[in-house]
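Here the structure is laid out as structure tokens; the discussion comes afterwards.
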Amino acid sequence: MNSDQLLARLLELHPKVIDLSLERMERILAALGNPEKKLPTTIHIAGTNGKGSTQAMLRSGFEAMGKKVHAYTSPHLAQFHERIYLAGAHISESYLSEILAEVEEKNAGEPITFFEVTTAAAFLAFSRIPADILLLEVGLGGRLDATNVMTPDLSIITPVSIDHEAYLGNTLTAIATEKAGIIKRGVPVILGIQPDDARDTIENIAHKLGAPIVVQNQDFQSYTQHGRLAFEDETGLWDLPLPALKGPHQMNNAGPALKALKNFGADEEIAKRAMLEVTWPARMQRLSQGPLIDAAHGAELWLDGGHNPAAGAMLAQTLRDLPSKTLVMICGMLNTKDVSGYLEPLAPLTSQFIAVSIDGEAATLPAEETASYAHEVGMNASSANSVLEAISSIENPQDKRILICGSLYLAGRILRENS
40 MNSDQLLARL LELHPKVIDL SLERMERILA ALGNPEKKLP TTIHIAGTNG KGSTQAMLRS
100 GFEAMGKKVH AYTSPHLAQF HERIYLAGAH ISESYLSEIL AEVEEKNAGE PITFFEVTTA
160 AAFLAFSRIP ADILLLEVGL GGRLDATNVM TPDLSIITPV SIDHEAYLGN TLTAIATEKA
220 GIIKRGVPVI LGIQPDDARD TIENIAHKLG APIVVQNQDF QSYTQHGRLA FEDETGLWDL
280 PLPALKGPHQ MNNAGPALKA LKNFGADEEI AKRAMLEVTW PARMQRLSQG PLIDAAHGAE
340 LWLDGGHNPA AGAMLAQTLR DLPSKTLVMI CGMLNTKDVS GYLEPLAPLT SQFIAVSIDG
400 EAATLPAEET ASYAHEVGMN ASSANSVLEA ISSIENPQDK RILICGSLYL AGRILRENS
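Here you go:
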């Protein structure tokens, strides 16, 4: 049985897609011999925005140091194997099928969520394949996330903002408390730039647990200077190239990654490579091949998976920094998101907005509803049956910049169809 068949079967073991708890995770890990206690040096990463980019910069830097790196991330874009990175490559189909079958057997039909069972499989792989470091990204929240069953060597919390209110709470303090749940007694914490309420909450929790904490823009900084990236802490200043990832927010994301790399022995040359060699798909990624490129007839075609108000604001700033060009947004979102909050900062920059539904996603917001939200924030909005139809409807596309955005699930579909 291949991994897709196993994953489909495992998806049926628990009726809720999201059910935050550690009990089921602890049970399956015990049945598997507690692989979470046999991991390499681990950096645990939580936050609302920037987790993936920070992890990608860390991976780039550690690999530049010659380290073997494991990494865990979610959701995947094109295929599930992207979630589990084993010592330099995404997990193979044969090994993924093998460990999923083992987890399924040990689980013995007990209720367990899809994310829990796949995280258990990842821990199994990480415990068996030698590596120097594991970069472990939280799935949702932190305190009750399935990854939060081990004690890391370092915790990183990237910027916290309002998202997933149904599960984490509807205030920054509540959400920050959940994110800070990854902090362990005595384990150092690197804290990215935060709103005041979130920073105060996280710092208080760290102090109560005796966890040494360093705070961006207080204990270290990363900022642009003369077209370069400057990183500064108590030991000195690094003069670095701008990150290969687009957008001014990546200068902020670089700060915690660079601080962590420095803590693990990286020097300025390693830091330069980390910035130049980092890759992370669907984060303001320019597309260059596939049927959508053909349909665009010379237009710039960009892809971004951001989906909450903070991501919308960062995306708007990124677009302002690009050479001026007429912008057309093609947007698909989930019905769990703050659509107006995401679109509002983008409205002044957008000449045409075309909404689409996300095929195959039960939680997709119908295109007409997305278009209605866009109209309410002042956009010239319409809808289309598909991204291809939307692109084909654009007049004089060669003069325009087309941005496909609003969801990582939509981004994944685009990458699968245009690779």
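All residue numbers for the sequence shown refer to the working numbering, where the first residue is 40 and numbers rise by one. The C-beta atom is built at its ideal place from N, Cα and C for all residues, glycine as well.
Residue i and residue j look like a contact to me (Cβ under 8 Å); what is the Cβ gap, rounded to whole Å?
i	j	result
Trp341	Ile441	7 Å
Gly345	Pro436	Not really, about 23 Å apart at Cβ, beyond 8 Å.
Ile82	Lys90	Incorrect: roughly 11 Å between the Cβ atoms, too far for contact.
Gly351	Glu383	7 Å
Gly445	Met372	4 Å
Ala140	Leu45	6 Å
Leu78	Ser166	6 Å
Ile196	Gly86	5 Å
Ser261	Leu135	Contact flag wrong, Cβ pair sits at about 36 Å.
Ala334	Leu268	Actually they are not in contact, since the Cβ atoms of Ala334 and Leu268 sit about 36 Å apart, beyond 8 Å.
Leu179	Leu59	7 Å
Leu193	Ile229	7 Å
Leu68	Ile151	No, Leu68 and Ile151 are not in contact; Cβ-Cβ is about 11 Å, not under 8 Å.
Can you find the residues in the same chain that come closer than 6 Å, C-beta to C-beta, to residue i, ignoring five residues on each side of it along the sequence?
i	result
Phe101	Val108, Ile172
Ile138	Ala160, Leu163, Ala164
Glu155	Arg63, Met64, Ala185
Gly231	Thr197, Pro198, Gln255, Pro295
Arg312	Ala103
Gln324	Leu342
Met314	Leu279, Pro280, Pro282
Trp277	Phe270, Glu307, Ala310
Ala215	Val199, Ala237, Thr240, Ile241
Val142	Val156, Ala159, Ala160
Ala245	Ile222, Val228, Ile252
Would you mind sorting residue i into buried or exposed? The rule is 16 or more other CB atoms within 10 Å of its CB.
i	result
Leu331	buried
Met40	exposed
Leu217	Reading off the sequence shown, one finds Glu at residue 217, where the question assumed Leu. Flag for Glu217 reads buried.
Arg359	exposed
Gly181	buried
Asn374	exposed
Leu97	buried
Glu144	exposed
Gln233	buried
Thr274	exposed
Ala420	buried
Thr263	exposed
Ala402	exposed
Going by DSSP, what residues sit across from residue i in a beta bridge?
i	result
Leu268	Thr263, Leu279
Lys439	Thr365
His53	Beta-bridge pairing links His53 to no other residue.
Leu45	DSSP output for Leu45 lists no bridge partner at all.
Tyr124	Ala110, His129
Thr81	Leu173
Ser422	Ala394
By Cβ distance, which residues of its chain are closer than 7 Å to residue i, with the 5 residues on each side in sequence left out?
i	result
Asp239	none
Ser92	Leu284, Gln289, Asn292, Trp319, Arg322
Ala213	Leu207
Arg455	Ala117
Ala299	Ile82, Leu97, Leu193, Ile195, Ile229
Ala305	Gly100, Met104
Within 8 Å (strictly less), CB to CB, does residue i reach chain D?
i	result
Ala299	Here chain D cannot be found, since the structure has a single protein chain.
Within the same chain, show all residues whose beta-carbon is closer than 8 Å to that of residue i, passing over the 5 residues directly before and after it, in chain order.
i	result
Ser425	Val395, Asp398
His120	Ser42, His129, Ile130, Ser131, Glu132, Leu135
Asn457	Leu326, Gln328, Gly329, Pro330, Leu331, Ile332
Ser422	Ile393, Ala394, Val395, Ala406, Glu407, Thr409, Ala410
For this session: Assess, as a yes-or-no matter, whether the region 249-267 is touched by the region 218-226 under the definition of 3 or more beta carbon pairs within less than 8 Å.
Result: yes
Problem set entry | Contact the region 188-196 vs the region 118-131: 3+ CB pairs below 8 Å | no
Exercise. Are there three or more Cβ pairs, one per stretch, closer than 8 Å when the region 312-327 is compared with the region 266-285?
Worked result: yes
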